[in-house]
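Numbering (our numbering), first residue to last: 472 to 952.
One structure below.
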Ligand code: 6PG
């Protein structure tokens with residue numbers, strides 16, 4: 472029976488203490504604690520809800536390494552020092568109130584780790600505040616849902632580098648492994664961890680939107696039924712599109728409706744909810760001045776989806792002819808290539824944002840490390856991340872994935888299908904804004920000449936905003952009239 476080093480020492484001293492503390496015993500918290508215990512560390516949970524406390528005690532009993540209490544003092548006294556306390560509570564005010572309650576009970580050198588999707592500026596504020604009290608604060612994004620928390624999530628921690636050493640063995644043990652390598656790494660100071668998780672979620676929104684558009688085209692234009700959709704996505708998941716999202720998509724099409732007949736997916740209302748991380752990615756990209764249109768449009772589409780009644784009304788006002796027939800085989804090839812193309816451009820945008828944010832906020836991010844810890848455990852894990860990792864390992868200064876030679880090749884071999892698919896969908900009234908935004912982003916980013924000279928002329932015309940010239944240095948203004 473393996474005990475963590477700390478608890479072994481503490482047992483010798485005659486007082487059993489626990490290696491790791493966790494507050495918030497919802498599904499994620501409970502699963503995370505059990506995962507910690509599975510790896511030989513002792514862990515103590517805390518939640519005000521006694522039922523959740525008892526549920527964990529029961530579930531963790533067999534390990535002999537898990538205990539919990541609804542009393543915060545019992546919790547604090549149960550932990551070995553420096554205490555390592557992870558919070559898995561909803562982002563926002565609750566995080567602040569938990570911290571406020573903990574601080575008077577903690578000692579200098581203790582660590583609080585926020586494992587939720589907190590907004591990065593909140594993390595900066597909390598870290599600065601706790602630092603003045605000698606307490607370390609980490610924002611650590613945890614991705615992989617409930618299953619990931621139990622069997623191995625991808626963890627994205629940021630904060631004080633030396634203090635990270637205290638939790639490193641636990642995080643490395645519980646994280647997902649890609650070919651034996653842990654999907655966790657110290658990412659950078661301050662809110663680096665939360666920021667990276669936020670962009671992870673932005674990319675997640677983008678990939679989900681793209682997948683849903685491909686589903687729409689296959690269904691409306693190719694008349695694919697759920698069985699065919701299942702086999703198509705399954706086949707794709709065995710190739711270069713291999714990824715968690717493609718995998719679960721293929722499985723979704725097999726789920727029968729347990730409350731009626733047919734398939735569940737056909738009964739689900741087409742209004743997508745959001746908790747905000749995708750929107751934050753988009754908003755912050757605007758602040759940084761970094762274009763991420765594939766993510767922006769994914770957020771907008773969730774908003775459009777929410778306007779169900781208006782959509783139903785508007786649908787009746789405008790006629791739309793049936794899509795022109797297209798062969799299943801041809802469509803399958805075209806959609807596979809278009810999806811691969813737009814997955815690449817979406818990762819490219821998110822990573823571009825990270826590179827810029829790193830400079831702006833002093834995160835000192837290593838994009839090859841981020842790509843590496845995204846290869847397993849997280850929602851956006853994909854075979855592509857292996858290529859992305861290598862591209863950034865080869866060139867740490869890479870401005871954009873689209874500039875890496877190996878991606879030039881991948882894009883060149885798929886862009887024609889992306890064009891054909893977007894053109895077909897536009898002509899036939901099937902909305903594919905994610906695919907279209909990915910394509911247009913690519914076309915714009917790879918154009919030496921854009922028509923924005925005209926915008927500069929207009930700005931100068933009506934507002935004397937000045938312009939630069941292509942043939943001489945300086946700032947110019949013209950009296951246009
Ligand atoms: C993850 C997910 C997780 C959560 C999303 C869902 O990485 O495990 O991203 O953090 O499921 O935040 O986001 P929405 O509710 O906004 O779709």
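Think of the CB as a built atom: it goes at the ideal place given N, C-alpha and C, for glycine as much as any other residue.
As the structure is a prediction and not an experimental result, all values here were calculated from the model.
Item: Inter-residue Cα distance where the pair is residue 483 and residue 513; Value: Because residue 483 sits at a pLDDT of 43, beneath the cut-off of 50, its placement in the model cannot be relied upon, and the following sentence gives the value as read from the coordinates. Distance between the alpha carbons of residue 483 and residue 513: 15 Å.
Item: Secondary structure of residue 583, DSSP reduced to three states; Value: strand
Item: Whole-Å CB distance - residue 609 paired with residue 580, under 8 Å assumed; Value: Residue 609 to residue 580, Cβ: 13 Å. No contact.
Item: Own chain, CB closer than 7 Å to residue 668, minus 5 neighbours either side, in chain order; Value: 588, 612, 614 and 627
Item: Cβ neighbours of residue 946 in the same chain (closer than 6 Å, five flanking residues each side left out); Value: 937
Item: Inter-residue spacing [alpha-carbon to alpha-carbon] between residue 951 and residue 906; Value: 40 Å
Item: Segment contact flag, the segment 829-838 with the segment 710-730, C-beta cutoff 8 Å, min 3 pairs; Value: no
Item: Boundaries of the alpha helix (DSSP H) in which residue 669 is found, first to last residue; Value: 663-691
Item: Range of the contiguous alpha helix (DSSP H) that encloses residue 886; Value: 886-898
Item: Residue 939, buried or exposed, once every other Cβ within 10 Å from all chains shown has been counted against 16; Value: exposed
Item: Identity of the residues DSSP links to residue 764 by a beta bridge; Value: Residue 764 pairs with nothing; no bridge assigned.
Item: Three-state secondary structure (DSSP) of residue 757; Value: helix
Item: Own chain residues within Cβ distance below 6 Å of residue 779, not counting five before or after; Value: 742
Item: Exposure label - residue 472; buried when at least 16 CB within 10 Å; Value: Model confidence at residue 472 stands at a pLDDT of 39, short of 50, so the residue's coordinates are unreliable and nothing is read from them.
Item: Cα-Cα separation between residue 569 and residue 520, rounded to whole angstroms; Value: 14 Å
Item: C-beta atoms of residue 517 and residue 491 nearer than 7 Å; Value: no
Item: Residue 690 to residue 506 span [Cα, whole Å]; Value: 40 Å
Item: 8 Å contact criterion, which residue 849 and residue 607 should meet: CB distance rounded; Value: With 8 Å as the limit, residue 849 and residue 607 do not qualify as a contact, their Cβ atoms being about 24 Å apart.
Item: Where residue 541 sits in the DSSP three-state scheme; Value: coil
Item: Residue 649 and residue 847 closer than 7 Å at C-beta; Value: yes
Item: Proximity test, residue 680 beta-carbon vs ligand 1 heavy atom, cut-off 6 Å; Value: no
Item: Which of helix, strand or coil DSSP assigns to residue 474; Value: Confidence in residue 474 is poor, its pLDDT being 47 and thus under 50, which makes the residue's placement too unreliable to answer from.
Item: First and last residue of the uninterrupted beta strand (DSSP E) at residue 555; Value: 555-558
Item: C-alpha distance - residue 673 paired with residue 891, whole-angstrom precision; Value: 26 Å
Item: Alpha-carbon spacing of residue 487 relative to residue 564, whole angstroms; Value: 33 Å
Item: contact_flag[the segment 782-796, the segment 874-892] where n(CB pairs < 8 Å) is 3 or more; Value: no
Item: Rounded distance between the beta-carbons of residue 625 and residue 646, thought under 8 Å; Value: 7 Å
Item: Cβ-based burial, residue 724 [other Cβ within 10 Å; buried from 16]; Value: buried
Item: Under the three-state DSSP convention, the category residue 659 falls into; Value: strand
Item: Counted within 10 angstroms of its Cβ, other Cβ atoms place residue 728 as buried (16 or more) or exposed; Value: exposed
Item: Buried versus exposed call for residue 933 [16 or more other C-beta atoms within 10 Å across all chains shown]; Value: exposed
Item: Rounded separation between residue 678 and residue 496 - CA only; Value: 30 Å
Item: beta-carbon residue 748 near ligand 1 non-hydrogen atom, thresh 6 Å; Value: yes
Item: Distance cut-off 6 Å: residue 850 Cβ against heavy atoms of ligand 1; Value: yes
Item: Between the CA atoms of residue 573 and residue 765 - distance to the nearest angstrom; Value: 41 Å
Item: Assigned secondary structure, residue 516 (DSSP; H/G/I helix, E/B strand, else coil); Value: strand
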